[in-house]
Structures are given as C-alpha cells and as structure tokens.
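As structure tokens, the structure follows; a few thoughts come after it.
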C-alpha cells in the first residue's frame with residue numbers, strides 16, 4: 074500500500090532551492106580581498122626566498138636542502154599571489170570541459 078501517493082514524484086527532495094546566504098555578497102569587496110591575499114602571498118614568498126638564501130649563506134652545504142625548500146616555497150607562494158591578484162585561474166576555457 075502506498076500511504077503517500079506523492080512520495081517520490083518530485084525529483085527535488087527539498088532544500089536545493091532554498092537560499093542559505095552562502096554566496097558572495099559584495100563582488101568588489103571580494104575581489105579586493107583576493108588582491109590583499111595575493112599581495113600577502115607575494116610578501117610571504119619574498120620572505121621565504123630571503124630566508125632560504127640567508128640559510129645557504131650562513132650554513133653553506135649543510136643548509137642547502139633547507140635553502141632549496143625555502144626558495145621553492147617562496148617561488149610557489151609568489152606564483153599563487155600573482156594568480157590571486159589577476160583574478161584566479163580559469164578552468165572553463167578548455168573546449169572539451
């Protein structure tokens with residue numbers, strides 16, 4: 074016996090259409106935040122590169138692995154900061170996606 078004849082007729086199970094307020098409220102403010110985060114990532118990257126080079130200068134061969142890790146992390150941080158400042162990566166530009 075089917076006590077609920079309408080049960081299962083609706084493909085939407087509720088909750089999908091409700092607004093939860095999780096969206097970006099103010100786009101210019103959001104973009105300004107991305108720019109600030111990008112600038113901070115670039116500053117952190119420069120600090121990591123400086124620390125890596127200082128480590129190599131003070132400890133020579135023994136500090137080389139730490140210096141390489143610091144410089145690589147710094148370059149990655151600068152790259153991420155530039156991506157934040159320029160508006161992020163675009164994943165929808167590939168014709169097959």
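Residue numbers (the working numbering): 74 to 170. Even for Gly, the Cβ is constructed at its ideal location relative to N, Cα and C.
Rounding to the nearest angstrom, what Cα-Cα distance links residue i and residue j in this structure?
i: residue 149; j: residue 110; result: 14 Å
i: residue 142; j: residue 101; result: 36 Å
i: residue 104; j: residue 117; result: 20 Å
i: residue 159; j: residue 106; result: 12 Å
i: residue 140; j: residue 108; result: 28 Å
Count the other CB atoms, across all protein chains shown, that sit within 10 Å of the CB of residue i; report buried if there are 16 or more and exposed otherwise.
i: residue 128; result: buried
i: residue 134; result: exposed
i: residue 132; result: exposed
For residue i, which residues from the same chain have a beta carbon less than 6 Å from its beta carbon, with the 5 sequence-adjacent residues on both sides left out?
i: residue 154; result: 111, 114 and 115
i: residue 144; result: 122 and 125
Looking only at its chain, what residues have a beta carbon closer than 8 Å to the beta carbon of residue i, apart from the 5 residues adjacent to it on each side?
i: residue 119; result: 147 and 151
i: residue 137; result: 129
Check whether the Cβ of residue i lies closer than 7 Å to any Cβ atom in chain C.
i: residue 105; result: No chain C is part of this structure, which consists of one protein chain only.
Starting from the C-beta of residue i, find all residues in its chain whose C-beta is less than 7 Å away, skip the five residues before and the five after it, and write them out in chain order.
i: residue 156; result: 162
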